[in-house]
Amino acid sequence: MDPNLLLFATAAILLGGFLKGATGAGAPVVGVPILAAIFDVQFAVAVFSVLNLFSNIWHSYAYRKYRGPFRLVYGFAIAGSVGAIAGSVLLASLPTDALMASLAGIVLAYILLRLFQPGWVLDRSTGMRLVPYVGMAGGLMQGAGGISAPVSVTFLNAMRLPRAEFIATISVFFVTMSIVQIPSLAYLGILTIDRSLMAMAAAVPLFLSMPVGEWAARHMSKVVFDRIILILLAAIAVRLIWTSMT
Numbered sequence: 008m009d010p011n012l013l014l015f016a017t018a019a020i021l022l023g024g025f026l027k028g029a030t031g032a033g034a035p036v037v038g039v040p041i042l043a044a045i046f047d048v049q050f051a052v053a054v055f056s057v058l059n060l061f062s063n064i065w066h067s068y069a070y071r072k073y074r075g076p077f078r079l080v081y082g083f084a085i086a087g088s089v090g091a092i093a094g095s096v097l098l099a100s101l102p103t104d105a106l107m108a109s110l111a112g113i114v115l116a117y118i119l120l121r122l123f124q125p126g127w128v129l130d131r132s133t134g135m136r137l138v139p140y141v142g143m144a145g146g147l148m149q150g151a152g153g154i155s156a157p158v159s160v161t162f163l164n165a166m167r168l169p170r171a172e173f174i175a176t177i178s179v180f181f182v183t184m185s186i187v188q189i190p191s192l193a194y195l196g197i198l199t200i201d202r203s204l205m206a207m208a209a210a211v212p213l214f215l216s217m218p219v220g221e222w223a224a225r226h227m228s229k230v231v232f233d234r235i236i237l238i239l240l241a242a243i244a245v246r247l248i249w250t251s252m253t
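Mapping of the sequence shown onto our numbering: position 98 corresponds to residue 105, and the numbering continues sequentially without gaps.
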């Protein structure tokens with residue numbers, strides 16, 4: 008392999024790990040498109056399915072004392088797993104391109120709402136009632152389109168959870184999504200032994216950069232953290248639009 012491409016791939020994983028450490032999400036947003044450009048889409052998805060599992064297990068343990076109510080943390084994750092199974096079943100019949108474009112529109116509408124109504128918050132009592140429905144919707148997107156962040160991250164950001172509680176909640180949700188996704192990828196022949204070994208090697212730069220992101224986040228105000236999440240959501244929306252058009 009070209010050393011320059013290997014260096015570029017490593018840099019992408021380092022950047023993804025930094026973003027993951029700082030915000031609790033976003034590593035695949037940076038890493039998957041770059042690895043897909045260097046290798047192919049299946050390789051990128053396979054590698055990050057393993058990296059997501061490792062990194063979110065770490066975060067779910069490291070932030071365990073910041074977990075909120077059982078209904079929010081585990082109810083959200085359990086509903087997501089049910090939705091992911093249903094989404095996988097529906098994958099063959101759903102118009103995924105239209106689904107991705109529609110979801111991108113919803114995310115962009117939320118970003119515009121936050122820009123023009125910066126004080127808007129989804130109050131916790133309403134959010135708690137919505138947990139099973141939003142969790143299932145995020146799982147459906149994971150099963151049908153391979154990405155749950157536009158739903159899950161948008162929802163938790165709308166509730167304005169503090170950074171530590173946000174990471175504690177989203178990491179448990181993402182672990183559940185990985186547990187559902189990885190066997191499916193293995194069954195389809197996308198996650199092979201070779202790719203699993205490569206993912207384990209790629210975990211080294213990811214885990215080296217995550218603590219750097221966490222260190223940076225400790226010097227970050229709540230407002231800055233919120234803005235970074237909005238930028239991350241915008242990047243996800245652009246990726247969804249691009250995916251739906253290609």
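Cβ atoms here follow ideal geometry from the backbone N, Cα and C, with glycine treated the same way. All figures in this text were calculated on a predicted structure; none of them were measured in a lab.
- Between the beta-carbon of valine 39 and that of phenylalanine 61 there is about 15 Å, and that puts the pair past the 8 Å contact cut.
- The segment 61-101 is shown to contain whole alpha helix (DSSP H) runs of 4 or more residues at 83-97, in chain order.
- Apart from sequence neighbours up to five positions away, the residues of its chain that approach serine 203 with a beta-carbon distance below 7 Å are Val57, ordered along the chain.
- Of Asp9, Ile41, Thr183 and Gly82, the smallest CA-CA separation from glycine 23 is found for Ile41.
- Per DSSP, the unbroken alpha helix (DSSP H) holding threonine 250 starts and ends at 229-252.
- Separation of serine 228 and glycine 220 (C-alpha to C-alpha, rounded to the nearest whole angstrom) is 14 Å.
- Of the candidates Lys72, Val187, Phe162 and Ala69, Phe162 places its Cα closest to the Cα of threonine 133.
- With respect to glycine 142, phenylalanine 83 sits close: the two C-beta atoms are nearer than 9 Å.
- According to the DSSP assignment, arginine 170 belongs to the alpha helix (DSSP H) that extends over 170-194.
- Straight through space, the alpha carbons of methionine 207 and threonine 176 are spaced by roughly 25 Å.
- Counting every other CB atom within 10 Å of its CB across the protein chains shown gives glutamine 188 a total of 16 or more, marking it as buried.
- By a beta-carbon distance limit of 8 Å, isoleucine 236 contacts valine 160. Their separation comes to about 7 Å.
- The alpha-carbon of tyrosine 117 is positioned some 21 Å away from that of leucine 79.
- Counting only residues of its own chain and dropping the five nearest sequence neighbours on each side, isoleucine 64 has a CB closer than 7 Å to the CB of Val182.
- Leucine 168 places its beta carbon less than 9 Å from that of glycine 75.
- The three-state secondary structure of alanine 32, taken from DSSP, is coil.
- Taking C-beta atoms as the reference points, methionine 148 and proline 157 count as a pair closer than 9 Å.
- Per the C-alpha coordinates, the member of Arg225, Leu247, Met184 and Val211 positioned closest to serine 95 is Met184.
- When Trp249, Thr253, Phe214 and Ile248 are compared, the shortest CA-CA separation from leucine 26 is found for Phe214.
- By the neighbour-count criterion, in which 16 or more other beta carbons inside 10 Å mark a residue as buried, arginine 246 falls on the buried side.
- In its chain, beyond the 5 residues on either side, Asn164 and Arg167 have a beta carbon closer than 8 Å to the beta carbon of aspartate 233.
- Annotation for serine 216: Leu21, Gly24, Phe25 and Gly28 place their beta carbon closer than 7 Å to its own, counting only its chain and skipping 5 residues before and after.
- Between the alpha carbons of alanine 53 and phenylalanine 180 lies a gap of roughly 19 Å.
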